[in-house]
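**Student:** UniProt numbering puts the sequence shown at residues 1 to 204.
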Amino acid sequence: MTSPTPRTLDQARINSPTSHPDFQLPWIQAILCNPTTKITPLVTSGSQRTSEENATRNNNTMLNQTLTHPTGLRARITFQRPCTEPDSLTKREFCFLLSLGTGLDGASGRAHGGFSSLVMDDLLGNCAYTEAERGGYPPATATLTVDYRAPVKTPGVVLARAWMVSWEGRKIWLKGVVEDGTGGVCNAARALYINPREEGKAAL
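#1: For A188 and G176, what's the separation of their Cα atoms in angstroms?
#2: Buried or exposed for M62, please, with buried defined as at least 16 other CB atoms from any protein chain shown within 10 angstroms of its CB.
#3: Check this for me: beta carbons of T36 and P82, under 9 Å apart or not?
#4: For L97, does the three-state DSSP call read helix, strand or coil?
#5: Kindly indicate which residue of E131, I28 and T145 has the alpha-carbon position closest to the one of P139.
#6: At a cut of 8 Å, does the region 84-97 reach the region 62-73 through at least three beta carbon pairs?
#7: Excluding the 5 residues flanking K153 on each side, which residues of the same chain have their C-beta closer than 8 Å to its C-beta?
#8: Report the option in A142, G184, L98 and G183 whose CA atom is closest to the CA atom of P196.
#9: Round the Cβ separation of A160 and L98 to the nearest angstrom and send it over; I've been treating them as touching at under 8 Å.
#10: Quick check: the Cα distance between N126 and L192, rounded to an integer number of angstroms?
#11: Just tell me which of G101, C95, E198 and E133 has its CA closest to the CA of D121.
#12: Out of curiosity, what's the CA-to-CA distance linking P155 and D105?
#13: Keeping to the same chain, check which residues put their C-beta closer than 6 Å to that of E52; ignore five residues upstream and five downstream.
#14: Give me, in chain order, the residues of the same chain whose beta-carbon lies closer than 8 Å to that of L172; leave out the 5 immediate sequence neighbours on both sides.
#15: Less than 9 Å separating the beta-carbons of A150 and G184?
Written out as structure tokens, the structure reads:
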């Protein structure tokens with residue numbers, strides 16, 4: 001039996017959902033095995049954080065706790081990789097692989113549209129927070145527009161991607177998509193996030 005490679009061991013340590021059976025599909029394995037894919041920690045509310053960190057970071061118990069169950073959000077992998085979108089400012093994108101159950105349905109076999117908006121808001125916000133490299137309180141959503149182009153089918157797995165397109169002062173503009181396994185766009189989003197003011201500085 002061949003011993004696991006260091007990369008395999010690191011993935012298992014950081015993000016145990018990689019072993020979820022829904023993530024063994026060929027198109028998902030092609031993403032996860034790509035050397036440019038950097039799997040990042042998925043930290044749920046309160047875990048591995050101090051009370052101070054919990055006060056300043058977005059815990060998002062809605063996504064990480066309430067909707068995470070065997071018929072809802074069954075498993076999730078978070079990662080970063082190079083972005084090929086022409087309007088990407090940093091040429092880096094932030095991604096979720098999401099295994100969705102029928103407990104997220106609006107119509108039968110289709111995830112509720114509000115769930116797609118929630119996913120986009122969470123992912124775009126994480127992108128804004130990380131790209132700004134400020135620490136402290138996360139940026140707030142100012143506007144979020146989601147275009148619904150095709151149903152998000154359940155049960156199934158989708159890929160959500162987000163990237164920054166502009167940054168001016170406290171304002172961060174981003175775009176994102178939710179895609180199916182063929183690369184078809186189910187939802188497309190654009191958003192503006194506002195970083196909190198720093199104490200002692202005038203409003204921008």
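Ideal Cβ positions, reconstructed from N, Cα and C, are used throughout, including at glycine.
**Tutor:** According to the structure shown:
#1: 6 Å
#2: exposed
#3: A Cβ-Cβ contact shorter than 9 Å links T36 with P82.
#4: strand
#5: E131
#6: Taking 8 Å as the limit for Cβ pairs, the verdict is that the region 62-73 does not touch the region 84-97.
#7: G109, R110, A111 and D180
#8: Comparing Cα-Cα distances from P196 to each of A142, G184, L98 and G183, the minimum goes to A142.
#9: 6 Å
#10: 13 Å
#11: Looking at the Cα atoms, C95 is the closest of the given residues.
#12: Just so you know, the alpha carbons of P155 and D105 end up roughly 9 Å apart.
#13: Bear in mind that the predicted position of E52 carries a pLDDT of just 40, short of 50, making it too unreliable to give a figure here.
#14: Going by the sequence as given, residue 172 is Ile instead of Leu. Correct list, in chain order: A128, E131, A132, P139, M164, S166, L192, Y193, I194 and N195.
#15: yes
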